[in-house]
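Beneath this line is the structure, given in structure tokens, with notes to follow.
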Amino acid sequence: MKNLQKMVSAITLCVGMVAGAQAAPDTIKFSHVVAENTPKGQMALKFRDLVAERIGDKYVVEVYPNSQLFGDGKEMEALILGDIQFIAPSLSKFSKYTKQLQIYDLPFLFKDMAAVDRFQRSEAGQALLNSVQGKGLTGLGYLHNGLKQLSANDPLRVPSDADGKKFRIMSSDVLAAQFEAVDAVPLKKPFSEVFTLLQTRAIDGQENTWSNIYSKKFFEVQPYITESNHGVLDYMVTTSNEFWSGLPDADRDVLKKALDEAVAHGNQIANEKGMKDRQNIIDSGRSQVITLTDAERQQWVEVMKPVWGEFQEQIGQSLIDAAVASNQ
Ligand code: SIN
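Taken in order, the sequence shown gives residues -23 to -1, 1 to 305; the numbers are from mature numbering (1 follows the signal peptide of the UniProt record, and there is no 0).
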């Protein structure tokens, strides 16, 4: 009888322990290709911290910067396969999944970042977040980086200065056409290879934002940077349909709110950091920042802008009109 009582108490204790035990939090992996001291790097860390604060008993966000886990070309597949749960690729890297986002690569489309922001907040801009839905991807929001500048081994003042030069580009046909328009040679290469390609002079130049040029030290191996502001480099924070729809509704809401706040934080940093890193580059004395005259800039506009026509059918004229309207 005593033994039976002991057995019953032991079973009761075990059941109690199992019921009271906390399940380990689920890991959410956020992979990206840039440095931590960039708008995207800071946004991902903010998201990690907000999740820890608000729902840390259920989820832990691990951030993998600098192409540590997956680089360009691999991160979207990894997302769809469920190896990672969040990425924020440049809008130029989605062309395999949708042609509509190519709009962001049209040269000289937006006059400044405020216009980019207005377009992204518009109905047309918001609708583009759903353009990859059919491919298993959910666009959760835009994140700014900034306008792109041209860096090179030689000074680039007018389009003919780029003639025959090799430029690294992101995986975008629009960007390829943009460089072909100035008789340059575009090469699609992952972000993680750019520094070495520049350092070894395997390529002559590249286009990027101030924060990427600074954080990845491109300015140390590119003696000239032309302040062209010829295009935008922004991001779409993306998850997979499978992961997102598989979350309990309440958890999804908490994660989305944390993400929105992290994106707002990243956007604020993007504004400030662009100008700060521009100054850091000037102060370094390693690279000369070239300011174009209006007449010189106009030459780039005239040669590059006809690229719009080549992609008008794929992107849609009404979308292009909506983006142009955001400049007012
Ligand atoms: C990024 O900002 O995510 C990378 C941009 C690039 O590939 O040049």
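We put the CB at the ideal spot given by N, CA and C, even for glycine.
Taking the C-beta atoms as reference points, Val214 is found nearer than 7 Å to Gly118. Residue ranges of uninterrupted alpha helix (DSSP H) with 4 or more members, entirely inside the region 80 to 142 and ordered along the chain, are 90 to 98 and 100 to 104.
The nearest non-hydrogen atom of the ligand SIN is less than 6 Å from the C-beta of Met147. Secondary structure of Val11 (DSSP, three-state): coil. For Glu287, the enclosing alpha helix (DSSP H) begins and ends at Val284 to Ile292. Leu106 and Lys234 have their alpha carbons spaced roughly 17 Å apart. Judged by DSSP secondary structure, Gly50 falls outside any alpha helix (DSSP H); it is assigned neither H nor E.
Contact annotation, Glu273 with Val159: C-beta distance approximately 13 Å; criterion of less than 8 Å not satisfied. The beta carbon of Asn185 sits closer than 6 Å to at least one heavy atom of the ligand SIN. The alpha helix (DSSP H) runs lying completely inside the region 199 to 229 and spanning 4 residues or more are 218 to 222, given in chain order. In terms of CA proximity to Gly48, Ser67 leads the group Ser67, Leu114 and Asp94. Per the DSSP secondary-structure output, Gly182 pairs in a beta bridge with Ala129 and Phe144.
Beta-bridge pairing by DSSP links Glu39 to Lys6.
With respect to Val37, Thr4 sits close: the two C-beta atoms are nearer than 7 Å.
Distances from the CB of Ser169 to the heavy atoms of the ligand SIN are all 6 Å or more. Taking the Cβ atoms as the reference, Tyr212 lies roughly 6 Å from Lys17, within the contact range of under 8 Å. In this chain, the alpha helix (DSSP H) harbouring Thr173 covers Val171 to Gln176. Beta-bridge analysis with DSSP links Thr268 to Glu204. Just measuring C-alpha positions, the residue of Met281, Glu170, Gln62 and Ser72 sitting nearest Asn218 is Gln62.
When distances are taken from the beta-carbon of Asn244 to the heavy atoms of the ligand SIN, even the shortest one reaches 6 Å or more.
Three or more pairs of CB atoms, one per stretch, sit closer than 8 Å, so the region 80 to 89 contacts the region 273 to 282. In the structure shown, Phe71 falls within a coil segment according to DSSP collapsed to helix, strand and coil. Bounds of the beta strand (DSSP E) holding Leu164 are Val162 to Lys165. Beta-bridge partners of Ile64 (DSSP): Thr215. Here the distance from the Cβ of Val11 to the nearest heavy atom of the ligand SIN is below 6 Å.
At least 7 Å separates the beta-carbon of Phe96 from that of Ser295. With fewer than 16 other CB atoms across the displayed protein chains lying within 10 angstroms of its CB, Lys73 is exposed. Your pair Lys143 and Gly208 does not check out as a contact, with CB atoms roughly 18 Å apart and the cut at 8 Å. Under the three-state reduction of DSSP, Gly251 is assigned to helix. In its chain, beyond the 5 residues on either side, Ala299 and Ser303 have a beta carbon closer than 8 Å to the beta carbon of Ser99. Cβ atoms of Val284 and Ala154 come within 8 Å of each other, at about 5 Å. In the structure shown, Ala1 falls within a coil segment according to DSSP collapsed to helix, strand and coil. Contact between the region 226 to 243 and the region 163 to 170 is not established, with fewer than three Cβ pairs separated by less than 8 Å. At least one heavy atom of the ligand SIN falls within 6 Å of the beta-carbon of Ser67. The distance from the Cβ of Glu204 to that of Val266 is about 6 Å, consistent with a contact at the 8 Å cut-off.
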